[in-house]
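Numbering follows the numbering used here, with no gaps: position 275 of the sequence shown is 277. To start, the structure under review is shown below, and the notes come after it.
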Amino acid sequence: MSIIIGIIFLGFLVFIHELGHFAASRLSGVKVEAFSIGMGPVLLHKEWHGTDWRISLLPFGGYCAMKGEQDFEEFYNGNTAVEKDSFYGVKAISRAFIGFAGPLSNFLFSVFAFFVIAITGYTEIYLGNTVRLATEEYPELHSPAKDAGILSGDKIIRINQCEINIFDDLVEEVSAHADEDIQVIVDRNGRELEFTVHTDRDEKSGAGKIGIMSVSDEDTLVRKEAKKYSFFPALARGFFETFKVIKLSFKGIAMLFKGEVKASESVRGPAGITSMLGNVAKSGFSAGFKSGIVSVLNFMALISVSLFIMNLLPIPILDGFLVLTSLIEAIFGLKVSPKARNVVQYVGIAIIAGLFMLALSGDFHYFSELINAK
């Protein structure tokens with residue numbers, strides 16, 4: 003069931019992306035011959051207003067097929083028979099607009115999702131600061147907290163002068179101090195005790211850790227009412243949160259290239275994303291309708307930002323390459339020759355194939371973790 007739910011929501015994000023291309027094409031005077039959700043063999047289709055609307059077999063991806071989109075060589079060889087309502091019958095700046103419109107739609111959806119979350123208001127539920135030793139569940143692990151004298155049931159209230167109210171605060175502070183001594187203040191049955199804990203360094207992420215886990219009992223959870231915004235402040239919040247995610251995404255990419263995180267553990271392919279999206283929807287709606295809407299919109303916004311960034315990479319096959327070459331043509335009057343374009347196209351296919359294998363590796367790692375957890 004989770005997979006089906008995930009496919010529906012992921013399909014919606016693909017629809018939003020392709021709808022951006024469709025709208026820009028029509029505004030630029032380019033005829034759209036086919037619009038498909040999904041790839042591969044066509045399952046259902048209907049001709050409407052000159053466009054063949056399709057649902058195809060493979061649920062990952064989609065396309066907006068524009069008239070004359072494949073006539074690249076004819077256009078650049080000076081063929082004057084290119085029709086005005088075809089892709090290469092419009093100005094280069096219009097082609098750049100068409101290419102950019104898909105990623106832009108994903109960006110705007112993310113803004114809309116965060117806008118709805120901000121204007122709706124919701125209750126945030128956090129894991130509290132009560133901890134238990136990881137060795138109770140995983141005896142093979144090392145626990146610096148246990149070595150220092152911290153016990154399960156202790157409430158960690160301060161680390162290095164930083165107030166700890168929820169488990170996220172604890173993780174953030176400990177992660178920033180790998181292989182260091184930290185001062186930990188705990189509340190044990192109303193008494194404040196201080197411990198010096200020397201953190202371990204996680205081999206995969208490089209973050210600090212002290213061998214403790216959160217306690218998720220009902221009476222240890224912390225509930226906070228998120229601020230409910232009016233229309234324009236909520237809209238500003240939508241932009242703020244979207245740019246925040248973009249910034250974090252680039253930071254994550256930088257960590258990936260620096261080798262600070264493993265690609266197989268941080269990159270997810272369509273199967274993994276679909277499963278995660280479905281699970282988020284199920285767990286969110288099980289806590290209530292509003293909670294479900296917020297959870298799904300938040301996760302979809304994250305994926306939508308990823309689609310925005312990925313599709314703007316200047317790699318052939320992706321929208322970014324079309325935008326780049328069209329802008330160069332519009333501004334400088336320089337055209338990429340068919341021969342050069344074909345060479346770069348093969349390079350692009352190789353890069354996409356590599357990214358695809360990386361995504362499959364991430365999916366394999368994700369589903370292996372799920373199986374091992376059961």
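Ideal Cβ positions, reconstructed from N, Cα and C, are used throughout, including at glycine. The structure displayed is predicted, hence computed values, not measured ones.
query, result
"Residue ranges of each alpha helix (DSSP H) within the stretch 9-52, 4 or longer", "none"
"CA-to-CA distance, residue 230 to residue 375, given in whole angstroms", "Only weak support is given to the placement of residue 375: the predicted model assigns it a pLDDT of 44, under 50, and the question is left unresolved by the model."
"Inter-residue spacing [alpha-carbon to alpha-carbon] between residue 224 and residue 170", "11 angstroms"
"In DSSP terms, what residue 195 is bridged to", "188"
"Secondary structure, beta strand (DSSP E): runs of 3+ residues fully inside the stretch 198-261", "214-216, 224-227"
"Touching by the beta-carbon criterion (3+ pairs, under 8 angstroms), the stretch 297-304 and the stretch 83-101", "no"
"Residue 93, DSSP secondary structure in three states", "coil"
"Secondary structure of residue 314, DSSP reduced to three states", "coil"
"Nonlocal neighbours in the same chain, by C-beta distance under 8 angstroms from residue 453, ignoring five residues either side", "The question about residue 453 has no answer, for the chain in this structure spans 3 to 376."
"Short Cβ contact (9 angstroms threshold) for residue 246 with residue 122", "no"
"Three CB pairs or more closer than 8 angstroms across the stretch 196-209 and the stretch 133-141", "no"
"Classification of residue 89 by the beta-carbon crowding that lies within 10 angstroms, buried from 16 upward", "buried"
"Residue nearest to residue 196 in terms of C-alpha spacing, selected from 213, 222, 163, 168", "163"
"Length of the line joining the Cα atoms of residue 269 and residue 85", "The pLDDT assigned to residue 269 is 46, lower than 50, so where the model puts this residue is not dependable; a value taken from the coordinates is nonetheless given after this. Approximately 42 angstroms between the Cα atoms of the pair."
"Distance between beta carbons of residue 237 and residue 105, contact taken as under 8 angstroms", "That belief does not hold up - the Cβ atoms of residue 105 and residue 237 are roughly 20 angstroms apart, past 8 angstroms."
"Cα-Cα separation between residue 271 and residue 18, rounded to whole angstroms", "The predicted model places residue 271 with a pLDDT of 45, which falls under 50 and marks its position as unreliable; any figure quoted below should be read in that light. The straight-line gap from Cα to Cα measures roughly 19 angstroms."
"Span separating the alpha-carbon of residue 191 from that of residue 152", "13 angstroms"
"Limits of the beta strand (DSSP E) - the one that residue 135 falls within", "133-135"
"Cα-Cα separation between residue 198 and residue 217, rounded to whole angstroms", "22 angstroms"
"Inside the stretch 103-148 only - beta strand (DSSP E) runs reaching at least 3 residues", "125-128, 133-135"
"CB-CB length for residue 13 against residue 39, believed under 8 angstroms", "6 angstroms"
"Exposure label - residue 43; buried when at least 16 CB within 10 Å", "exposed"
"Residue 319 - DSSP class collapsed to helix/strand/coil", "coil"
"Residue 67 (DSSP reduced to helix, strand or coil)", "strand"
"Integer Cβ distance of residue 103 from residue 22, believed to fall under 8 angstroms", "4 angstroms"
"9 angstroms Cβ cutoff met for residue 66 and residue 24", "yes"
"Status (buried if at least 16 other CB within 10 Å, exposed otherwise) for residue 165", "exposed"
"Pairwise C-alpha distance: residue 45 and residue 145", "55 angstroms"
"Within 9 angstroms, strictly: CB atoms of residue 117 and residue 310", "no"
"First through last residue of the alpha helix (DSSP H) which encompasses residue 73", "From DSSP, residue 73 is part of no alpha helix (DSSP H); its letter is neither H nor E."
"Spatial neighbours of residue 107 in its chain, beta-carbon cut-off 7 angstroms, leaving aside the 5 residues before and after", "18, 19, 21, 22"
"Cβ-Cβ distance between residue 178 and residue 211 below 9 angstroms", "no"
"Neighbourhood of residue 424 by C-beta distance below 7 angstroms, restricted to the same chain and skipping five residues each side", "With the chain running from 3 to 376 in the structure shown, residue 424 is simply not present."
"For residue 100, the three-state DSSP class (helix, strand or coil)", "helix"
"Burial state of residue 317 (16 or more Cβ within 10 Å)", "buried"
"Local conformation of residue 86 per DSSP, three classes", "coil"
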